[in-house]
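Respectively, the protein sequence lines represent chains W and F.
Each residue of the first sequence is one higher than the one before, starting from 99 at the first, in our numbering.
Each residue of the second sequence is one higher than the one before, starting from 0 at the first, in our numbering.
All C-beta atoms in this analysis are idealised placements derived from N, C-alpha and C, irrespective of residue type, glycine included.
Here the structure is a predicted model, which is why all the values come from computation and not from measurement.
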Amino acid sequence: MHIVDGALANEVVIGSTVLAVGGIALGLRSLPAEKMPAAGVLSATFFVASLIHVPIGPSSVHLIMNGLAGLVLGWAAFPALFVGLLLQAVFFGFGGLTVLGVNTLNIALPAVAVYYLCRAGIRSPSTTVAAVWGAIGGALAIALTTVCVAISLALTGDEFVPAAKLVFFAHIPIMVIEALITGAAVYLAHRVKPELFGVVAG
Amino acid sequence: MKTVRLSLVALLLFPAAPALAHKVVAAVYASGDVIEGEIGFSNGDMAPNALVEVFDDDGNKLGETTTDADGFFTFQPAEPVVHIFRSNLGAGHVADIRMEIDELPEIAGAAAVDKLSSAPDARATDTEDETRPVAATVDLEALMAEQRRIIAEAVQKQIIPLRRDIDAYKEKNDLQSIIGGIGYIFGLFGLGFYVAARRKLQKG
């Protein structure tokens with residue numbers, strides 16, 4: 099899922115980077131001291147999650163965990179995921195450095211979208227409902243990320259529909275896994291510390 | 000709060016150690032008089048039936064070839080220029096690898112033609128008596144060329160697996176890098192925490 103240097107047209111890279119910078123600025127504004135520890139842990143989670151691979155046909159896809167990051171952090175998911183992506187690019191060579199903005203936008207924007215869409219469901223007093231909404235959020239984040247990646251590729255020249263289908267279908271197992279993990283995480287948080295989504299995501 | 004977070008991180012850390020990278024990896028090397036190459040992913044999967052385009056330093060297209068079912072391809076270089084091999088594997092994965100002029104194999108056409116054209120010319124004016132030594136010298140040359148070829152093949156057989164090993168080693172993501180990265184993340188956010196807390200204290 100991480101796009102590499104040279105795969106996209108310059109206009110796409112520059113435009114996406116500008117949008118990503120805007121998102122990071124907004125994220126930093128909604129990142130008070132109380133959210134910092136959660137942001138750090140979710141950034142580390144994202145960083146490590148990309149090392150977990152699910153083999154699909156000839157290649158493999160990896161976990162992303164941007165759904166959970168969005169649900170807990172909201173707009174602050176932008177800086178958290180950006181830090182994770184930067185370190186992945188530097189340490190592992192995942193994705194290029196020039197396309198860091200594109201990758202940040204493709205991964206953090208769905209996180210924020212999921213935050214807005216699933217926030218009300220997560221805050222429900224019933225643990226089961228919250229967990230189900232968490233699962234929906236986890237899967238939805240991956241689906242939206244595949245769409246964003248397909249749009250980036252389409253704007254560069256590849257045909258949109260085949261590229262979108264390929265990336266989307268390859269990530270269906272990831273959607274299932276992430277739905278389960280995010281749902282489980284929300285369930286656990288709901289039982290142990292309900293304020294996590296009330297306070298931190300507020 | 001702490002247990003939730005710690006357990007989340009622990010859950011994801013455990014399987015991470017033996018996991019492999021997910022990067023496009025390509026290698027090219029001279030083999031006899033062709034360039035051989037492989038394109039794949041660093042977790043070991045290869046890229047079959049991928050179109051590989053060859054360019055020189057100025058962007059002129061020198062030719063193209065396709066990888067076989069094992070992600071392996073060959074290309075016959077015709078000119079002693081830098082060769083850049085590029086392949087788009089889809090979904091943002093692009094292989095891009097460069098071969099310098101001094102790494103190129105013998106450009107068979109140019110070198111062989113030179114050798115053949117110079118040899119008969121020198122001997123064209125000789126008498127019949129000397130045609131037999133000419134035949135003998137040409138045979139000897141052919142023999143030596145054959146020997147050279149056999150030696151080159153044997154050496155390549157040894158070197159190619161070594162180069163593959165080196166490429167694989169370069170792609171290795173060990174536990175050190177992972178832990179280092181996580182350390183950086185916690186450090187950065189810790190710093191952010193300090194800055195934000197100070198700002199809050201100053202305000203309040």
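Contact of Met134(W) with chain F by beta-carbon distance below 7 Å involves Phe188, Gly191, Phe192, Ala195. Out of Ala174(W), Ala282(W), Ser224(W), the CA that lies nearest to the CA of Ala211(W) is found in Ala174(W). Between the alpha carbons of Thr73(F) and Ala167(F) lies a gap of roughly 21 Å.
Contact of Ala228(W) with chain F by beta-carbon distance below 9 Å is absent, the smallest such distance being about 14 Å. Taking the Cβ atoms as the reference, Gly125(W) lies roughly 3 Å from Phe176(W), within the contact range of under 8 Å. Partner residues in the beta bridge of Ile96(F), as assigned by DSSP, are Phe84(F). Among the residues facing chain W, Ser176(F) is included, as its CB has a counterpart in that chain under 9 Å away.
When Thr115(W), Leu117(W), Glu132(W) are compared, the shortest CA-CA separation from Ala196(F) is found for Glu132(W).
By a beta-carbon distance limit of 8 Å, Ser141(W) contacts Val181(W). Their separation comes to about 5 Å. Taking 8 Å as the upper bound for CB-CB distance, Ala107(W) and Leu253(W) are in contact here, some 7 Å apart. If you ignore the 5 residues before and after Gln75(F), its C-beta comes within less than 6 Å of the C-beta of Val33, all in its own chain and listed in chain order.
In the structure shown, Gly191(W) falls within a coil segment according to DSSP collapsed to helix, strand and coil. By the neighbour-count criterion, in which 16 or more other beta carbons inside 10 Å mark a residue as buried, Tyr213(W) falls on the buried side.
About 3 Å separates the Cβ atoms of Gly232(W) and Val284(W), confirming a contact at the 8 Å cut-off. Counting only residues of its own chain and dropping the five nearest sequence neighbours on each side, Ala147(W) has a CB closer than 8 Å to the CB of His160, Leu161, Ile162, Met163. Following the DSSP letters along the chain, one finds Val170(W) in no beta strand (DSSP E) but inside the alpha helix (DSSP H) bounded by residues 164–171.
Burial check for Phe267(W): the Cβ neighbour count within 10 Å stays below 16, so the residue is exposed. CA-to-CA, the gap between Ile159(F) and Leu278(W) works out to about 44 Å. Nearest CB-CB separation between Ser114(W) and chain F: not below the 9 Å threshold. Pairing Val197(W) with Ser114(W), the inter-Cα distance amounts to about 9 Å.
By the criterion of a C-beta distance shorter than 6 Å, Val245(W) is surrounded by no residue of its chain, once the five residues flanking it on both sides are discounted. For Ser158(W), the secondary structure class from DSSP, reduced to helix, strand or coil, is strand. As summarised for the region 215–274 of chain W, there are no continuous beta strand (DSSP E) elements at least 3 residues long confined to that stretch.
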